[in-house]
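Here's the structure we're looking at; comments come further down.
Printed below as a string of structure tokens:
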């Protein structure tokens, strides 16, 4: 704190020292160790305390709780509306289940009425935090109420990037999605690099080609939550790459668990149907994706097979699939997995609708 009072920075970060010196000298920044005085003298309190890992990997919230209690006590002595903004990273539910109740208890006031709460995650990288702040990829504000969200969003007037005002749990989750995906990308690149090295390949040459594809590889393609993947290419090629890694003694646990993850997603779908407690099931879409009649390793075929195997009464409609037109490996696959496919497949949409207590849409067509 003494560093800050003197206009100095206690950490090394590009441009931070210069900016702190400027705002302290100009009087724009006042440093205080009195939380109540700081709250009384402001309209917005921004909380930026650490949220380290707890034993077992969970979130340690002790610093958040301590700061929240101090702010809540200060709010008890203040009559005007005040907004508490959490920049700290926290798992969904932390604000609603821990922080807001503590604020209300300590202040004796009600959120959304006497004070507001926003979660405003930061997307800054150490070493380039000032540049990242001034050129944000996005601004996300999770709000307890419209008034608070509008005020906090206005703090970023003049900065670029899209802005999102969302429910608080969505804002809490976004930061974890970002960081998990960044970690996933690093792990993916490193495992591909390890396989390439075992084959004597230039991994950078391979990845340069991969990165040039902004239609499928570096894009929003395949990133919307949905159903399991399948088809004649993805499962087969992942298995082949894993086999190549194994015979060259390369451990790639992330890639090795892609098909495991896909299987778990399929099981979740089966469990969701079972949990509904209904027996008559209608399925629209059987091929592995819209616009084709390719049934090979289709997750919808797998889902139908498992439900039929558990005694469910299933009817299926897919406008692109006609048994008389199926040939070769495609026909062999469906006849092996669903030998009685002719008894459950129909082109009559109304028949499926009339039959079903539960409808499963595997396609938008």
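In our numbering, the protein residues as written are 256 to 620.
Cβ coordinates follow ideal geometry from the N, Cα and C atoms, glycine included.
When only Cα atoms are considered, residue 617 and residue 514 end up about 20 Å apart. The secondary-structure analysis by DSSP pairs residue 589 with nothing; it has no beta-bridge partner. In this structure residue 343 is buried. Its beta-carbon is surrounded by 16 or more other beta-carbon atoms within 10 angstroms. Looking at the DSSP output, residue 536 shares a beta bridge with 569, 613. The segment 398 to 405 and the segment 309 to 326 do not touch, with fewer than 3 CB-CB distances between them shorter than 8 Å. With respect to the C-alpha of residue 504, the residue from 526, 453, 512, 536 having the closest C-alpha is 453. Below 8 Å, too few C-beta pairs join the segment 409 to 417 and the segment 344 to 360 to call them touching: fewer than three. Annotated three-state conformation of residue 308 is strand, per DSSP. The beta carbon of residue 328 sits closer than 6 Å to those of 361, all from its chain and outside the five residues before and after it, given in chain order. If you check the CB distance, residue 585 and residue 550 come in under 7 Å. With contact defined as three or more Cβ pairs closer than 8 Å, the segment 446 to 460 and the segment 420 to 432 are not in contact. For residue 404, the three-state secondary structure derived from DSSP is helix. The beta carbon of residue 324 sits closer than 8 Å to those of 357, 361, all from its chain and outside the five residues before and after it, given in chain order. Residue 537 is a Cβ neighbour of residue 570, given a cutoff of 7 Å. A distance below 7 Å separates the beta carbons of residue 524 and residue 558. Counting only runs of 4+ residues, the alpha helix (DSSP H) found wholly inside the segment 485 to 557 occupies 489 to 502, 508 to 511, 513 to 531, in chain order.
Per DSSP, residue 357 lies in no beta strand (DSSP E) segment; the continuous alpha helix (DSSP H) that holds it begins and ends at 355 to 362. Between the beta-carbon of residue 575 and that of residue 547 there is about 6 Å, and that keeps the pair under the 8 Å contact cut. According to DSSP, residue 370 shares a beta bridge with 337, 366. Look at residue 398 here: in three-state DSSP terms it is strand. In the structure shown, the three-state DSSP call for residue 469 is coil.
Taken through DSSP and simplified to helix, strand or coil, residue 604 comes out as helix.
A direct Cα-Cα distance of roughly 42 Å separates residue 609 from residue 419. Annotation for residue 615: 538 place their beta carbon closer than 6 Å to its own, counting only its chain and skipping 5 residues before and after. Per DSSP, the beta-bridge partners of residue 300 are 339. Taking the CA atoms as reference points, residue 519 sits about 25 Å from residue 573. One alpha carbon belongs to residue 409, the other to residue 446, and they sit about 43 Å apart.
Ranked by how close their Cα comes to the Cα of residue 394, the residues 385, 378, 382 have 378 in first place.
By the neighbour-count criterion, in which 16 or more other beta carbons inside 10 Å mark a residue as buried, residue 341 falls on the buried side.
Where residue 386 is concerned, the enclosing alpha helix (DSSP H) starts and stops at 384 to 389.
Judged by DSSP in its simplified three-state form, residue 418 adopts strand. Scanning 287, 345, 451, 265 for the CA closest to the CA of residue 373 turns up 345. Around the beta carbon of residue 376, 16 or more other beta carbons lie within 10 angstroms, which makes this residue buried.
Here residue 410 carries a coil assignment [DSSP, helix/strand/coil]. Residue 450 is positioned such that its CB atom lies closer than 7 Å to that of residue 500. Under the DSSP assignment, residue 392 falls outside any alpha helix (DSSP H); it carries neither an H nor an E label.
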